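Enquirer:
In our numbering, the protein residues as written are 55 to 362.
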């Protein structure tokens, strides 16, 4: 017997604070779990699945919940996190400048205009290369320096570059937790499965997945894998399910994370709830499922790709 998840999306999303309180037992703020700062790498393997968008929204949502956060763009050559946060014109100093001795770390941290608890740190300027001497310990040094600072952040979010090359190794080096972003298609899932294995080999055991760009209409029509299918394939706890949302493009072009838009959007609400689970080290259980027989050949095709 297979299960087809049915995502219940509000037709008129309530205000973010009200929605959070309603979906979290009436509480207005999550309870922080574990020692700080918590170093979390946001990765995917495959490019174009919404990893940087997820990082920007998690960072903005953490800051709104009064958890100081440093978001690090670990892509040395093709950074985009500054664009999504609306800070592209303020990046003058980077971690490369700090490591070269040209400035202090606090000078390279860029404070968000409207969220005082959110700072951005870029690894380097676009089209520039880090000196080979820095190696995979670059971000480990940065994370340690942030820990020793006078006001250490509660969270350090690292936006990992796509692929599994040297940039990936550098980005995951200081991480203790990982958020694995994927879309419900076979190419993204195969890459996500590979990345999950590499993270575990590196000693990162706390890995949760966010399934992005889900279309409930296609799931019901059995033309798209459900969040439950994805969870079963990867064998990892679910941090969030983000529906397809046309507001993502507008949000990106404006440099304003979805969680800051008013009125809130379905994707923004999903990312805000994922932030609550991240803070509390919780997993998602709010996916409504209904028993429904599903064609065995489709399920078998998907699972065969992973040797199941």
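From the three backbone atoms N, C-alpha and C, an ideal C-beta is built for every residue, glycine too.
As the structure is a computational prediction, the values presented were derived from the model and not from experiment.
Under the assumption that residue 256 contacts residue 226 (Cβ atoms under 8 Å), give the Cβ distance between them as a whole number of angstroms.
Expert: Taking the first residue of the chain shown as 1, we reach residue 256 at position 202. Taking the first residue of the chain shown as 1, we reach residue 226 at position 172. At roughly 6 Å, the Cβ-Cβ gap stays under 8 Å, so residue 256 and residue 226 are in contact.
Enquirer: Of all Cβ atoms in chain C, is any one closer than 8 Å to the Cβ of residue 213?
Expert: Here chain C cannot be found, since the structure has a single protein chain.
Enquirer: Roughly how many angstroms lie between the CA atoms of residue 238 and residue 308, to the nearest whole one?
Expert: Taking the first residue of the chain shown as position 1, residue 238 is located at position 184. Taking the first residue of the chain shown as position 1, residue 308 is located at position 254. Between residue 238 and residue 308, the C-alpha separation is close to 27 Å.
Enquirer: Name the DSSP bridge partner or partners of residue 97?
Expert: Indexing the chain shown from 1 puts residue 97 at position 43. In the DSSP output, where bridge partners are listed per residue, residue 97 has 234.
Enquirer: Relative to the alpha-carbon of residue 234, which residue among 212, 301 and 269 has its alpha-carbon at the smallest distance?
Expert: Within the chain shown, numbered from 1, the residue matching residue 234 stands at position 180. The residue with the shortest Cα to Cα distance from residue 234 is 212.
Enquirer: Quick one: what's got a C-beta closer than 6 Å to residue 253's C-beta in the same chain, skipping five residues either side?
Expert: Your numbering for residue 253 matches position 199 in the chain shown. Same-chain partners within the cutoff: 232 and 261.
Enquirer: Go through its chain and collect everything with a Cβ distance to residue 92's Cβ below 8 Å, but skip five positions before and after it.
Expert: Indexing the chain shown from 1 puts residue 92 at position 38. For residue 92, where only same-chain residues beyond five positions count, the Cβ hits under 8 Å are 208, 209, 210, 230 and 231.
Enquirer: Taking residue 200 and residue 174 to be in contact with their CB atoms under 8 Å, please state how far apart those CB atoms are, rounded to whole angstroms.
Expert: Working through the chain shown from its first residue, we reach residue 200 at position 146. Working through the chain shown from its first residue, we reach residue 174 at position 120. No, residue 200 and residue 174 are not in contact; Cβ-Cβ is about 13 Å, not under 8 Å.
Enquirer: Rounded to the nearest angstrom, what separates residue 88 and residue 334 at their Cα positions?
Expert: Residue mapping note: residue 88 aligns to position 34 of the chain shown, counting from 1. Residue mapping note: residue 334 aligns to position 280 of the chain shown, counting from 1. If you take the alpha carbons of residue 88 and residue 334, they lie about 8 Å apart.
Enquirer: Can you give me the C-alpha to C-alpha distance between residue 294 and residue 265, rounded to a whole angstrom?
Expert: Looking up residue 294 in the chain shown gives position 240. Looking up residue 265 in the chain shown gives position 211. Cα to Cα, the separation comes out at about 6 Å.
Enquirer: With distances taken Cα to Cα, identify the nearest neighbour of residue 131 among 178, 304 and 242.
Expert: For the purposes of this step, residue 131 is identified with residue 77 of the chain shown, where counting begins at 1. Of the listed residues, the one whose Cα sits closest to residue 131 is 178.
Enquirer: Cβ atoms of residue 216 and residue 289: under 8 Å apart, would you say?
Expert: For the purposes of this step, residue 289 is taken as residue 235 along the chain shown, with counting starting at 1. For the purposes of this step, residue 216 is taken as residue 162 along the chain shown, with counting starting at 1. Not closer than 8 Å, so no.
Enquirer: Could you check the C-alpha separation between residue 278 and residue 268 for me, to the nearest Å?
Expert: As a working note, residue 278 is residue 224 in the chain shown. As a working note, residue 268 is residue 214 in the chain shown. About 8 Å.
Enquirer: Straight-line CA distance for residue 275 to residue 283?
Expert: Position 221 of the chain shown holds residue 275. Position 229 of the chain shown holds residue 283. The alpha-carbon atoms of residue 275 and residue 283 are separated by roughly 14 Å.
Enquirer: Look up residue 318 in the DSSP assignment and say whether it is helix, strand or coil.
Expert: For the purposes of this step, residue 318 is taken as the residue at position 264 of the chain shown. In the structure shown, residue 318 sits in coil (DSSP, three-state: anything other than H, G, I, E or B).
Enquirer: Hey, which unbroken runs of the alpha helix (DSSP H) at 4 residues or more fall wholly within the region 251-292?
Expert: Segments of the alpha helix (DSSP H) lying fully in the region 251-292: 270-274 and 281-288.
Enquirer: Please confirm whether residue 162 and residue 148 have their CB atoms less than 8 Å apart.
Expert: Your numbering for residue 162 matches position 108 in the chain shown. Your numbering for residue 148 matches position 94 in the chain shown. Contact: yes.
Enquirer: What's the C-alpha gap between residue 143 and residue 165?
Expert: Numbered from its first residue, the chain shown carries residue 143 at position 89. Numbered from its first residue, the chain shown carries residue 165 at position 111. The straight-line gap from Cα to Cα measures roughly 12 Å.
Enquirer: What is the DSSP secondary structure of residue 125, reduced to helix, strand or coil?
Expert: Mapped onto the chain shown, residue 125 falls at position 71. It is a strand residue.
Enquirer: What beta strand (DSSP E) runs, 3 residues minimum, are completely inside the region 107-181?
Expert: For the region 107-181, whole beta strand (DSSP E) runs of length 3 or above, ordered along the chain, are 123-127 and 172-176.
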